[in-house]
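Taking this note's numbering, the leading residue of the sequence shown gets 54, the next gets one more, and so forth. C-beta atoms are modelled at their ideal positions from N, C-alpha and C, and glycine is treated no differently. If you're wondering where the values come from, they're calculated on a predicted model, not measured in any experiment. Everything below concerns the one structure shown next.
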Amino acid sequence: LSPSILARWAFCFGTMMALVHASPSLLKSLCAFGKTSMAWYLLQLDQAPLLTKSTTSALLGIAGDYMAQWLEYKLRARRQHQQQQPSNTAKRRKNNHVSATATTTPSRLVDRVKSKLRINDTYDLNRSLAIAAESLIISGPLMHFGYDYFERLLPIAGSTTKNGGGSIAAFSHVLADSILLDSIFVATAILFTGWFEGYHWRKDILPQFRQDYWTTLKTSFATSMGLLPIEFLCFRFLPVALRTLSVNVLDILWDFVVSFMTHRRRTPLRNRRQQQEEATTTTRPKLQGVVKRGGAGGDPIRVPKTISAVVGSF
């Protein structure tokens with residue numbers, strides 16, 4: 054971590070501690086709000102478990118994809134910065150001086166915050182909606198039914214703790230989740246999101262699946278192995294109803310990795326196609342002023358501008 058990032062975290066932590074020290078009731082209010090929210094969520098889990106788990110998975114999937122898009126933007130900006138060579142040092146110093154002495158108005162500050170949240174206008178909402186739809190329709194329900202099946206097949210709650218039966222069962226659940234379910238999740242992440250984002254099955258999705266599935270799967274396995282100790286504790290000590298929530302919170306990092314690996318080839322492909330479409334639109338031949346030969350004597354016939362504009366639009 055750079056010193057600037059550490060300084061920002063220290064500033065945020067110091068501000069938070071100052072607020073808590075200044076108003077002791079603030080901490081109590083936050084704790085009360087957390088308890089109320091947790092009670093409401095547990096009630097929803099009891100009344101509509103499948104919908105609650107799927108919706109939670111979709112929302113946390115959006116968070117993971119947002120992190121992936123932010124990392125992609127940072128990597129692109131770094132590559133562009135490395136490729137660009139400074140041509141005028143004096144001009145750059147002058148611009149830095151002007152920007153440093155310029156007054157930041159509230160409206161400009163709001164615009165900067167909005168631009169940051171939109172990742173400098175590069176945020177792809179359709180991509181995040183594809184991740185959310187996949188989590189809502191496929192991943193969330195599969196985790197709901199899969200964890201229930203694992204518990205019926207090899208129960209953790211009823212295992213004896215003297216011989217380590219509960220720990221063995223929990224470790225088996227974690228391995229089944231990391232190997233079996235993750236293999237399905239990676240496949241659906243590539244296939245379903247590709248279809249949702251509008252890519253062609255034969256030209257784009259299937260070739261990417263054959264090329265990137267194994268690499269993405271190995272990366273997801275490495276991520277799951279890094280999260281394995283925490284996931285083991287969640288499976289070992291939490292009830293079945295809360296396992297999906299705990300795994301979804303951990304899967305923010307997993308969704309971040311899988312979304313980054315899935316879209317590392319799609320984003321350049323989408324940018325190239327947009328550039329080609331823009332180039333095709335700008336270089337489309339216009340019929341305005343075209344002269345054609347017609348009539349018996351071969352007299353020139355000039356196409357009217359209004360007709361040529363209508364024809365050119367097609």
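- Query: Within 10 angstroms of its Cβ, does K271 collect 16 or more other Cβ (buried), or is it exposed?
  - Reply: Translated into the one-based positions of the sequence shown, residue 271 becomes position 218. Sixteen is the threshold: since fewer than 16 other Cβ atoms of the shown chains lie within 10 Å of the Cβ of K271, the residue is exposed.
- Query: Fully enclosed by the region 223-296, which alpha helix (DSSP H) runs are 4 residues long or longer?
  - Reply: 235-249, 259-290
- Item | Same chain, Cβ closer than 8 Å to L112, neighbours up to 5 away in sequence not counted | As a position in the sequence shown, residue 112 is number 59, starting the count at 1. Cβ neighbours of L112 beyond the five flanking positions: A185.
- Separation of L322 from H134, as counted between CA atoms: Stepping through the sequence shown from its first residue, residue 134 is reached at position 81. Stepping through the sequence shown from its first residue, residue 322 is reached at position 269. In this structure, the CA atom of H134 is about 21 Å from the CA atom of L322.
- Message: In this structure, how does DSSP classify L207 when only helix, strand and coil are distinguished?
- Response: For this step, residue 207 is matched to residue 154 along the sequence shown. Residue state, collapsed to three classes: coil.
- Task: Check whether the Cβ atoms of D304 and G87 lie closer than 9 Å to each other.
- Result: In the sequence shown, residue 304 corresponds to position 251, counting from 1. In the sequence shown, residue 87 corresponds to position 34, counting from 1. Against a cut-off of 9 Å, the Cβ pair of G87 and D304 comes out as no contact.
- Report buried or exposed for W93, applying the criterion of at least 16 other Cβ atoms within 10 angstroms of its Cβ. Here residue 93 corresponds to residue number 40 of the sequence shown, with the count starting at 1. Burial call: exposed.
- Message: Quick check: R318 and D265, are their CB atoms within less than 9 Å of each other?
- Response: In the sequence shown, residue 318 corresponds to position 265, counting from 1. In the sequence shown, residue 265 corresponds to position 212, counting from 1. Yes, these two residues count as a Cβ contact at 9 Å.
- Query: Secondary structure at S101, three-state DSSP: helix, strand or coil?
  - Reply: As a working note, residue 101 is residue 48 in the sequence shown. Note that residue 101 is Ala in the sequence shown here, rather than Ser. Reduced to three states, the DSSP call for A101 is coil.
- Going by C-alpha distance, which of L96, G279, A332, S110 is nearest N301? Locating residue 301 in the sequence shown gives position 248, counting from the first residue. That would be S110, whose Cα lies nearest to the Cα of N301.
- Message: When you compare the CB positions of F389 and I232, do they come within less than 9 Å of one another, or not?
- Response: The question about residue 389 has no answer, for the chain in this structure spans 54 to 367.
- Message: Three Cβ pairs or more, each shorter than 8 Å: is that satisfied between the region 218-229 and the region 249-256?
- Response: no
- Collapsed DSSP secondary structure at C65 in the structure displayed: Along the sequence shown, read from residue 1 onward, the residue named residue 65 stands at position 12. Reduced to three states, the DSSP call for C65 is helix.
- Return helix, strand or coil for D177, following the three-state DSSP convention. Locating residue 177 in the sequence shown gives position 124, counting from the first residue. Of the three classes helix, strand and coil, the one that applies to D177 here is coil, per DSSP.
- Message: For a quick check, are the C-beta atoms of E284 and D230 less than 9 Å apart?
- Response: For the purposes of this step, residue 284 is taken as the residue at position 231 of the sequence shown. For the purposes of this step, residue 230 is taken as the residue at position 177 of the sequence shown. A contact, by the Cβ cut-off of 9 Å.
- As assigned by DSSP and simplified to three states, the class of R317: For this step, residue 317 is matched to residue 264 along the sequence shown. DSSP places R317 in coil when its eight states are reduced to three.
- Query: So H226 and F288 are in contact, right, with Cβ under 8 Å, and what is the actual spacing, rounded?
  - Reply: Start at 1 with the first residue of the sequence shown, and residue 226 comes out as number 173. Start at 1 with the first residue of the sequence shown, and residue 288 comes out as number 235. Yes, H226 and F288 are in contact; Cβ-Cβ is about 5 Å, under 8 Å.
- Query: Cβ atoms of D308 and G114: under 9 Å apart, would you say?
  - Reply: Indexing the sequence shown from 1 puts residue 114 at position 61. Indexing the sequence shown from 1 puts residue 308 at position 255. It is a contact, given that the beta carbons lie within the stated cut-off.
- Under 9 Å between the Cβ atoms of I243 and T315? As a first step, residue 243 is located in the sequence shown; it is residue number 190 there, counting from the start. As a first step, residue 315 is located in the sequence shown; it is residue number 262 there, counting from the start. Cβ atoms of I243 and T315: closer than 9 Å.
- Task: Grab me the residues of A63's own chain with a C-beta within less than 6 Å of its C-beta, minus the 5 sequence neighbours each way, in chain order.
- Result: Taking the sequence shown and counting its residues from 1, one reaches residue 63 at position 10. The answer is none, since no qualifying residue turns up.
- CA-CA distance, F245 and G251? As a first step, residue 245 must be located in the sequence shown, where it is residue number 192. As a first step, residue 251 must be located in the sequence shown, where it is residue number 198. So the alpha carbons of these two residues sit roughly 10 Å apart.
- Message: Comparing C-alpha positions only, which one of S312, L206, A210, F249 sits nearest to I190?
- Response: Reading the sequence shown from its first residue, position 137 is the one you call residue 190. The option with the nearest alpha carbon to I190 is F249.
- Query: By Cβ distance below 7 Å, which residues in the same chain neighbour F238 in space, the five residues on each side in sequence not counted?
  - Reply: Within the sequence shown, the letter at position 185 stands for residue 238. Taken in chain order, the residues that qualify are S192.
- Shortest alpha-carbon distance to V293 belongs to which of M70, F313, G199? Residue numbering aside, residue 293 sits at position 240 when the sequence shown is read from its first letter. Selected option, being the one with the closest Cα: G199.
- Whole-angstrom C-beta distance between F313 and A121, which should lie under 8 Å: As a first step, residue 121 must be located in the sequence shown, where it is residue number 68. As a first step, residue 313 must be located in the sequence shown, where it is residue number 260. Confirmed, Cβ separation roughly 4 Å.
- Task: Look at the alpha carbon of F66 and the alpha carbon of L59, and state the distance between them as a whole number of angstroms.
- Result: Counting from one through the sequence shown, the residue named residue 66 turns up at place 13. Counting from one through the sequence shown, the residue named residue 59 turns up at place 6. Approximately 10 Å between the Cα atoms of the pair.
- Report yes or no: is there a C-beta of chain B within less than 9 Å of the C-beta of H134? Protein chains in the displayed structure number just one, and chain B is not present.
- Message: What does the Cβ neighbour count give for L83, buried or exposed, with the cut at 16 atoms within 10 Å?
- Response: Locating residue 83 in the sequence shown gives position 30, where the first residue counts as 1. Per the 10 Å Cβ criterion, exposed.
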